[in-house]
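Number of protein chains: 8
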Amino acid sequence: MTHPAAANFNGQKPTIDANDTAMLLIDHQSGLFQIVKDMDVPQLRANAIALARAATLLNIPVITTASVPQGPNGPLIPEIAEAAPHAQYVARKGEINAWDNPEFRAAVEATGKKTLVIAGTLTSVCLAFPSISAVYAGYKVFAVVDASGNHSKLATDLTIARLAQAGAVPIDIMATLSELQGSWNRADAEQWAKVYTQAMPHYQLLIESYIKAQQVATEHELLDSQR
Amino acid sequence: MTHPAAANFNGQKPTIDANDTAMLLIDHQSGLFQIVKDMDVPQLRANAIALARAATLLNIPVITTASVPQGPNGPLIPEIAEAAPHAQYVARKGEINAWDNPEFRAAVEATGKKTLVIAGTLTSVCLAFPSISAVYAGYKVFAVVDASGNHSKLATDLTIARLAQAGAVPIDIMATLSELQGSWNRADAEQWAKVYTQAMPHYQLLIESYIKAQQVATEHELLDSQR
Amino acid sequence: MTHPAAANFNGQKPTIDANDTAMLLIDHQSGLFQIVKDMDVPQLRANAIALARAATLLNIPVITTASVPQGPNGPLIPEIAEAAPHAQYVARKGEINAWDNPEFRAAVEATGKKTLVIAGTLTSVCLAFPSISAVYAGYKVFAVVDASGNHSKLATDLTIARLAQAGAVPIDIMATLSELQGSWNRADAEQWAKVYTQAMPHYQLLIESYIKAQQVATEHELLDSQR
Amino acid sequence: MTHPAAANFNGQKPTIDANDTAMLLIDHQSGLFQIVKDMDVPQLRANAIALARAATLLNIPVITTASVPQGPNGPLIPEIAEAAPHAQYVARKGEINAWDNPEFRAAVEATGKKTLVIAGTLTSVCLAFPSISAVYAGYKVFAVVDASGNHSKLATDLTIARLAQAGAVPIDIMATLSELQGSWNRADAEQWAKVYTQAMPHYQLLIESYIKAQQVATEHELLDSQR
Amino acid sequence: MTHPAAANFNGQKPTIDANDTAMLLIDHQSGLFQIVKDMDVPQLRANAIALARAATLLNIPVITTASVPQGPNGPLIPEIAEAAPHAQYVARKGEINAWDNPEFRAAVEATGKKTLVIAGTLTSVCLAFPSISAVYAGYKVFAVVDASGNHSKLATDLTIARLAQAGAVPIDIMATLSELQGSWNRADAEQWAKVYTQAMPHYQLLIESYIKAQQVATEHELLDSQR
Amino acid sequence: MTHPAAANFNGQKPTIDANDTAMLLIDHQSGLFQIVKDMDVPQLRANAIALARAATLLNIPVITTASVPQGPNGPLIPEIAEAAPHAQYVARKGEINAWDNPEFRAAVEATGKKTLVIAGTLTSVCLAFPSISAVYAGYKVFAVVDASGNHSKLATDLTIARLAQAGAVPIDIMATLSELQGSWNRADAEQWAKVYTQAMPHYQLLIESYIKAQQVATEHELLDSQR
Amino acid sequence: MTHPAAANFNGQKPTIDANDTAMLLIDHQSGLFQIVKDMDVPQLRANAIALARAATLLNIPVITTASVPQGPNGPLIPEIAEAAPHAQYVARKGEINAWDNPEFRAAVEATGKKTLVIAGTLTSVCLAFPSISAVYAGYKVFAVVDASGNHSKLATDLTIARLAQAGAVPIDIMATLSELQGSWNRADAEQWAKVYTQAMPHYQLLIESYIKAQQVATEHELLDSQR
Amino acid sequence: MTHPAAANFNGQKPTIDANDTAMLLIDHQSGLFQIVKDMDVPQLRANAIALARAATLLNIPVITTASVPQGPNGPLIPEIAEAAPHAQYVARKGEINAWDNPEFRAAVEATGKKTLVIAGTLTSVCLAFPSISAVYAGYKVFAVVDASGNHSKLATDLTIARLAQAGAVPIDIMATLSELQGSWNRADAEQWAKVYTQAMPHYQLLIESYIKAQQVATEHELLDSQR
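Chains as they are written, first to last, in UniProt numbering: chain S, 1 to 227; chain W, 1 to 227; chain B, 1 to 227; chain A, 1 to 227; chain G, 1 to 227; chain E, 1 to 227; chain V, 1 to 227; chain L, 1 to 227.
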């Protein structure tokens, strides 16, 4: 019998194949975001949206769900549905682990994909529980920890260890986006650049400075200090 | 021969089954708490109590013990016995690893459970030693690191790596509570909400704001700024 | 003309006289607490309550107020009114600076006190604005920054500098409580100890260990390790 | 002779009077933003834009300028001109201190205002130099340090001390916005709420949760966990 | 009337004159040290002892006192009396501010010195209260904040601002020791070096490496890697 | 073929057996300590000495060595030889990995022990290289990371992952001391308490307060505040 | 079938053999460096250069490549080519994973080496993707994380876990340099010392102090304080 | 009598006039740098050198000195003399405060300048003592705290407060360089840019990216991803 840590990519290359991927975005709710303390909440919000945009660019199926959004956990942030209009929303009946909800599992199976990119708030609960369940059910799971959000950094450290031990691949937003994109040599390259500026404000600065520098060179603009 | 890291859940789903679980709360003593530097001590205290409350809600057996409470380590914090009145206290005879004490091991075996949720101060000693021993004795072990408390963050980083290597599951308080609870669709849901506010003060704020917002809507209360 | 920084204690000893003091607790609301990032929110909550308790012990007049509690800012935390049942609540009409509200100013004047201990969430707004206004109106102002809560540490650094520049005394919770208490040689000393354990969890641990150590000595209890 | 620290509000109330205010937004450039290390750059960007929006709501004159935007410092971020379309841009001729540029000084004087709200990247240079110069020239200066951005936190600590010593008021974004707004009892209150969500993402979460909670109450929506 | 911030060195050079100095070491107690969170407790302990040693080297009078050492605050750390055997201990009667105790004030006055070097745990209480009182009584006060210890870094930031505002000089251990020593050109230079290694472990490393490097040069020792 | 991560305790309990243990203390040199940035150097120094003391209490063989102590790396800190007078020093000939030195390997083998407790500065080099080599040579290796010291925290994070991957047990000082000690029910218990106060200054405070509290109870000492 | 984590050193010693090593330095570009937030950029730059220097000293083949250096990512830093003039540059065609580029793979294979030392900016993308691909292709991979640079510390934590899980060895700069060097007993020892001062500024200080101390001893220089 | 805090710029503009300035660079020694813990040592070293370079560009007199460089404090870093070959070195006779040395004071007076830019290691001693003395002697003093280096961040916080209280201007490296430079509209602008890249590595990245972007535009270079 093999090691469980190897379960979901044993003998396969442990990387994301965009053609075999479905994306699960779980419990990104306004109330739960108030509890997040392991990363900047605006960065978390931007990262979750960036995942949705990448899925849209690649026609990757997206399933969303929420934990009792009528209560203190609050509503799903609206930008996810805006960025992935094709996303399917599955209402649960109170199950904390989305995988425990039969409609949710059925929706995942209906995609026909065997690789899952998952993000969920809180990381140690809403991301970790379905990730571990999905590995156990035979899926290749990539758990996007910095598009999830947790109640403490220590809890995130613990969750990374638990996910790795259970055979899910812990991954960050940039690796996820880049493995999905694959190459800059593609027709929609500019749209990918916009996805990155969404998740990396310093990349936006680079592009702004780059465009200006080229414009100064092309238009032979004089430096103010040399006027 | 299989990998020891797989020992306690090899072939089984690496999650907590509340029906097969006993809880061990080890050495949560006032003196030892002064040494804790890897997390806020009030948060640690709240998390340990939350574990005890969850055990009471689910009728999970609880065993407590202390390391020479007559000396500088100080007394057990009283809230644990208050939150879990059914807990059994086992006095040791100086053994640092509680598992080395025959009465303690016997008490665990007497529960008939094969899954152990363990917390203990200091994390690298009072949590880690019995966890590793219990894995070796064939138990499924969930080590609740942020209900334990350690002398440095580096020591906790080391302990997480050691626990994972030894086949115990490192886990945080929210994942532990949520796996035990399973679903919000249950009769005692409100009592679980109180457990969470115990361990997550920001969740308490959410509930307070939520109730007030609904009350304003229901009672058509005017905004002060519109009077 | 003298320096404004000297305005509120020029020629007087810059310390708190409990007999000349009124306490203003401003905008400690559940929603605003979600925005606080310069200190632990549970600690902030405990510190605000400790101020109210101290005022009750000393019969210091307390005035509370809230910023549009019917809106997203949320309700006042209930513990303040519980800890200071004699507190007077003044509803405002949308003024951000409580001092701009005539009823609020009148309530302060009605106390007849010339020394004000003020705390308010957010520090840079709800504490700072009335503090600066009150100094300008001739009061001695002690601004309790760690019973207030702010949106960033940098904002708090800025506010400390601004308060000092404007002639308010920036102060922390322990200095405030201790200057009010004055001496341990008083009938209600034990009640003061409880106030401190409220605001300093490590002090609670000290007391728990202290009582146990004395009990072991008095009752000649044997160490577990020597049984 | 009076103390220089008192120069710009000696005998006056050290607060912002929106009717007497001009706003100077200096050198918020894409290249310079890469150097900022004392605060999150997205937060800085949001704060600078929030200042521009507030100025537009109140018809406060805005003057912008840039330090050699044709060179590595890069272009001004475009959102400032978008948020304050009435802003006047003054090109400099290489002067590091904007106040050294005669056209810039003339533009400030032309507003007829004696209170200046200033922000500039880098804090210790582009904010501090004009602030100190303007105090010396007799203006009341409010230096918005967290809408500026600096190369290190230590440099910001030093600049706060220097600004206070020179008689400028060090202030944060929330205090600046709130002193300008004054009261929630105004026709454009909702637009102010949007300005705050721009600069405080956690405030946006509060509003999202608040609206949902009221909607659930009003529409008698059932909780998912009770279906 | 002059600015109170200038009270204790107005017209005098704001530096320590060892010949005019008495040292007050207040409430360095084992229990209170458990509450210290603004600096490493071993460093605090070392710094307090270093002050006592310096006083002994220079025959500076030392007065020590404790806050109810029979209670949870615990005993004075013994090293201070060991390092300054000439220190005079004054028991208080419960006064939190040592300056409120008549015997303590009398002991200070009996030294005939007008410059006071003060350290006390907690910084915001046991250091700040006597410092402010002594400035008000006309003494030059140097408040050694990093030989004191406080319950939070924010509280220390507040205390530094309050001390400066009240006219006490906030100072660190190295500045205090070095101003007392004055010059390395003195007979007891080696003893001073030992004081510094006490308070600066990296200085001890420097000396160890220095001695070894000189020994290798003098004794023509071969490098192990060249054997 | 088994997993290499399991190499050194496959089928055995992954804990330290004091009777089968030798201790290797490598390159704790004054110069190298200046480079340490992942932990407090005084704490590192104390932890290394505590290991040596524990070895002496248990008659565990100790082998020390240094990396070119005649050069900038500097001399071994003297306290290790003082705390473990029975330690054997092995000079190397420039090998960075002590295990590459035949005399060093021979000295280890001569102890007849199969469990090694190792600490070395820098962690990622002087601890990690011999640890990985010893695992490969069939030893059970416990790598005491917080008695070692490294050039950055990131480097230590990397080394913990590498050590675990290679089959060494990453461990902290408290776990190491406690596993060696085993029980407080032993004749030399008091000497062990002294070892802990060496490595944990807060434990020393606990003991000081404990003794005083018992003394007050036994001798019926009056509180100062009740005199 | 063996565990993938063991793939690249199963049965072999998991250390670097300089004679079997090629070095891949990927995407160290001026624009990408602006995005790096998990470590100091100057330290990152120094570490990357140190790798190149070490490769030159040992005649290790070096392959460099860049990700669209004509765009906002910017040019390769020039010092790498200066430090390793023998490095081969391979231009890609937009592939994000350098291993996806056939010329790059061919260049690696042409070296005939089976051990790869890899560094790349961003760590979670440009280092991690080729590392995982190379492990899957049968290489022994050492991933030098602190010569790479990532967009957040959390992303680096995730990448370390992913790399270890995939069978690459996560390693730091000092371990990499030291395993390559092996011993100080070699002709080019002094050149290695220079490489270390490049990457460890505190080592440079040690050498400067060491030389001066020996010079003082040799030349019998008098101390200034004894003149 | 005026407030001492106003002493050195009372009635004057509190800015640096390059024509009236001398620069004092005190005790930047290899040994003392090992003790620095309030900032990165490489950054400190770069900042001190940048000051020297700026002085050379402007023909500002520079005086250097060292504290017993024959002892453990170590030699002056050589780059200062390299960057300012015109600097005058004054040997002291053991005085800790350089201002206490008559030759040093004479050298300062001989420059005929009344504005002093000072940096010194340690900040709280070697920078603060001469700064306070020079203010007292009537000089305008600018104390460059981040070109100095201190034993702890808390000590630096204390020193900033003390310097401001004593009437010295606390300032950072960028403000100092920029006030000295004044304008980019000058013949040596490119040399100033090099000084900034010395002290701000991210500025160097900006320039590298800027040049490449312009080159791509000018030479119509194709993007790799579009080949």
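Beta carbons are placed, not taken as given, at the ideal position from N, Cα and C, and that holds for glycine.
Enumerate in chain order the residues of its own chain whose CB-to-CB distance from residue i is below 8 Å, with the five nearest sequence positions on each side excluded.
i, result
"G:Gln215", "Glu221"
"G:Leu206", "none"
Apart from the five residues on each side of it in sequence, which residues of its chain come closer than 6 Å, Cβ to Cβ, to residue i?
i, result
"V:Ala155", "Ser124"
Flag residue i as yes if its beta-carbon sits less than 7 Å from any beta-carbon of chain F, otherwise no.
i, result
"V:Leu44", "Looking for chain F here will not work: the only protein chains present are S, W, B, A, G, E, V and L."
When DSSP builds the beta bridges, which residues end up paired with residue i?
i, result
"E:Tyr89", "E:Thr64"
"S:Thr115", "S:Thr21, S:Lys140"
"W:Pro170", "W:Ala143"
"A:Gln29", "A:Leu76"
Taking buried to mean at least 16 other C-beta atoms within 10 Å of its own C-beta, is residue i buried or exposed?
i, result
"V:His202", "buried"
"B:Gly208", "The sequence shown places Glu at residue 208 of chain B, rather than the Gly named in the question. Under this definition B:Glu208 is a buried residue."
"E:Glu190", "exposed"
"S:Pro170", "buried"
"E:Ala138", "Residue identity differs from the one stated: residue 138 of chain E is Gly in this sequence, not Ala. So E:Gly138 ends up on the exposed side."
"V:Leu21", "According to the sequence shown, residue 21 of chain V is Thr rather than Leu. Buried: at least 16 other Cβ atoms inside 10 Å."
"residue 251 of chain S", "There is no way to answer for residue 251 of chain S, as the model of chain S reaches only from 1 to 227."
"S:Pro69", "buried"
"E:Asn97", "buried"
"V:Asp188", "exposed"
"V:Met176", "Residue identity check: residue 176 of chain V is Thr in the sequence provided, not Met. By the neighbour-count rule (16 or more Cβ atoms within 10 Å), V:Thr176 is buried."
Note down, in chain order, each residue of its chain lying with its Cβ closer than 7 Å to the Cβ of residue i, except the 5 sequence neighbours on either side.
i, result
"L:Glu79", "Ile49"
"E:Ser131", "Ile118, Val141, Ala143, Leu163, Ala168"
"B:Leu25", "Ala48, Leu51, Ala52, Val62, Thr64, Ile80, Ala119"
"B:Ala83", "Ile49, Ala52, Arg53, Thr56"
"W:Met1", "The predicted model places W:Met1 with a pLDDT of 29, which falls under 50 and marks its position as unreliable; any figure quoted below should be read in that light. None."
"V:His28", "Ala48, Leu76, Ile77, Ile80, Thr121"
"S:Arg105", "Trp99"
"S:His3", "Confidence is the limiting factor: at S:His3 the pLDDT is only 42, short of 50, which leaves the residue's position unreliable, though a coordinate-based value still follows. Cβ within range, chain order: n/a, list empty."
Subject >> Residues in the region 123-147 of chain G having any Cβ partner in chain B nearer than 8 Å >> reply: Ser124, Val125, Ala128, Phe129, Ile132, Ser133, Tyr136
Original post:
Of all the residues that make up the region 171-185 of chain V, which are near chain G by a beta-carbon distance shorter than 8 Å?
Top reply: Listed in sequence order: Ser183, Trp184, Asn185.
**OP:** Report the residue ranges of all alpha helix (DSSP H) runs contained in full by the region 120-166 of chain G; include only those spanning at least 4 residues, in chain order.
**Re:** 128-136, 153-166
Original post:
At a Cβ cut of 8 Å, what residues of the region 91-110 of chain A count as close to chain L, listed as they run along the chain?
Top reply: The residues in question are Lys93, Gly94, Glu95, Ile96, Asn97, Asp100.
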